[in-house]
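Q: Encoded as structure tokens, here's the structure I'll be asking about.
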Amino acid sequence: MSSTTNFYQTYRRPDVVKALSDKIHQRAAQLSQPLYIMEVCGGHTHTIMKYGLKQLLPESLNFVHGPGCPVCIMPKERIDHAIALAQLPDVMLVCLGDMIRVPGSRLSLAQCRAEGGNVVPVYDPMDVLKIAKENPTKQVVYFAIGFETTTPMTAVLVDLAERQQINNLYFHINHVLVPPAMNAVMADERTPVNAFIGPSHVSTVTGSHIYQPIVEQYHVPVLVAGFEPVDVLESVLMLVEQAVSNQAALEIQYSRVVTSEGNMAAQTFVDKVFAVRDTFEWRGLGNIPRSALQLRDRYAHRDAELRFAAQLPHQHHDDHKACRCADILRGLATPPDCKVFGRACKPTRPMGSCMVSSEGACNAYYRYGAIESVSFLAGGNENE
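First residue of the sequence shown: 189, per my numbering; consecutive thereafter.
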């Protein structure tokens, strides 16, 4: 049995994976130019790297890893906000566990905690309500992060805090929006990206229609895909079919979960609590207009940025000069292009945010990079 056949047997549905790979090779031979497919979501990056999907594709197809990891795109200034809050004597800073190791300008939240800062990591956001109730003499600040997927949960927390009159609970809002980031990628004249695999978890909330302006403005296809290897490969095939036919359309591969309109009830609730802020800084992408949310005026009394405005630093800090996280988030480099990747920068001591989260491109390359060295389908022979 050949090494190629052995490799296919590692998949749950090896026959389907091989059939898709063969078809992709066949159709990609008709491409007039290479495809540079940006998978926006870090979950797709994880799937691509874990299952060695790059090795199933011909050289004319390339994955470009996008800014779809909410931990990775958080700028140092926002981390510094969290650290400053945690260091105040009467404040408890509550954050999701993924945030605790993201480096700020001087410290991470983990280091801040080791130095005496009051940092409380949680994995269930609902715990914030309990923490605030059990600590009535403390001002509890929830450092809320995430794309459109997690925004409804924060909206629920804000609403419950109001209904239950939990008056010592505040929110530092860092919820960001996917389409403006995709627009920022395409607006960069250096980008090689000419196709997108769109995030599916986001799309279950927003619906797929939010990507239509990207398709129309830049004439690039967007394919909303599931997270299984078969889902990703089927999406790649659909993108190749569009490119061969000189089309650029919005399609849903993950139709068992995603619809065009999304979860209307969740959207209504989010709109009740949040408004779009004028601008927001993304790590690696800079300031992007209308790319993040803030609490509406009726909830402004719970906005930690307003409540603690005098205590929050407002100094911009660039990433370490050797770190190429910014270029990676823009699709201008891959993790191995970075001189500190796997050397000075590892998951145990990350220099950049792309190495911190399991959804970060550098973290995925570090964990699964060995798979990329497996050699099979040499020369793109789909009949091997």
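In this text, a Cβ means the ideal position worked out from N, Cα and C, and glycines have one as well.
Would you kindly report the start and end of the unbroken beta strand (DSSP E) that includes asparagine 475?
A: 474–477
Q: Using the DSSP secondary-structure output, state which residues sit across from histidine 574 in a beta bridge.
A: Past the boundaries of the shown model lies residue 574; the chain is included only from 189 to 572, so the question cannot be answered.
Q: Thinking C-beta only, is valine 205 closer than 8 Å to leucine 421?
A: yes
Q: With a 10 Å radius around its C-beta and 16 neighbouring C-beta atoms as the bar for buried, classify aspartate 286 as buried or exposed.
A: It is buried - the Cβ of aspartate 286 has at least 16 other Cβ atoms within 10 Å.
Q: When burial is assigned at 16 or more other CB atoms within 10 Å of the CB, is aspartate 485 buried or exposed?
A: exposed
Q: Nearest by alpha-carbon distance to proline 501: which of Ala492, Asp466 and Lys211 is it?
A: Ala492
Q: From the DSSP output, which residues share a beta bridge with leucine 438?
A: Val410
Q: Among Arg518, Ser293 and Asp459, which has the Cα closest to the Cα of methionine 341?
A: Asp459
Q: Roughly how many angstroms lie between the CA atoms of asparagine 371 and proline 401, to the nearest whole one?
A: 9 Å
Q: Grab me the residues of valine 308's own chain with a C-beta within less than 8 Å of its C-beta, minus the 5 sequence neighbours each way, in chain order.
A: Met280, Leu281, Val282, Cys283 and Ile319
Q: Only counting the same chain, and skipping five residues up and downstream in sequence, which positions put a Cβ closer than 8 Å to that of leucine 295?
A: Ile271 and Glu303
Q: Relative to the C-alpha of alanine 498, which candidate in Leu276, Ser220, Pro255 and Arg201 has its C-alpha closest?
A: Nearest to alanine 498 by C-alpha distance, out of Leu276, Ser220, Pro255 and Arg201, is Leu276.
Q: Which residues in the same chain have their Cβ closer than 6 Å to the Cβ of phenylalanine 462, if we skip the five residues on either side of it in sequence?
A: Same-chain partners within the cutoff: Leu481.
Q: Please state the DSSP three-state secondary structure of asparagine 569.
A: Because the pLDDT at asparagine 569 is just 33, under 50, the model does not fix this residue reliably, and the point stays unresolved.
Q: Taking its Cβ as the centre, do 16 or more other Cβ atoms sit within 10 Å of methionine 426, making it buried, or is it exposed?
A: buried
Q: Evaluate proline 263 with the Cβ neighbour count: other Cβ atoms within 10 Å of its Cβ, from every protein chain shown; 16 or more gives buried, anything less gives exposed.
A: buried
Q: Where does arginine 378 sit, in a helix, a strand or coil, going by DSSP?
A: coil
Q: Looking at the strands, I want to know which residues DSSP matches up with lysine 534.
A: Arg537
Q: Using a Cβ-Cβ cutoff of less than 6 Å, which residues in the same chain neighbour serine 391 once the five nearest sequence positions on both sides are dropped?
A: Val412 and Val446
Q: Which residue from Thr338, Ala207, Asp347 and Asp419 puts its Cα closest to that of threonine 233?
A: Asp419
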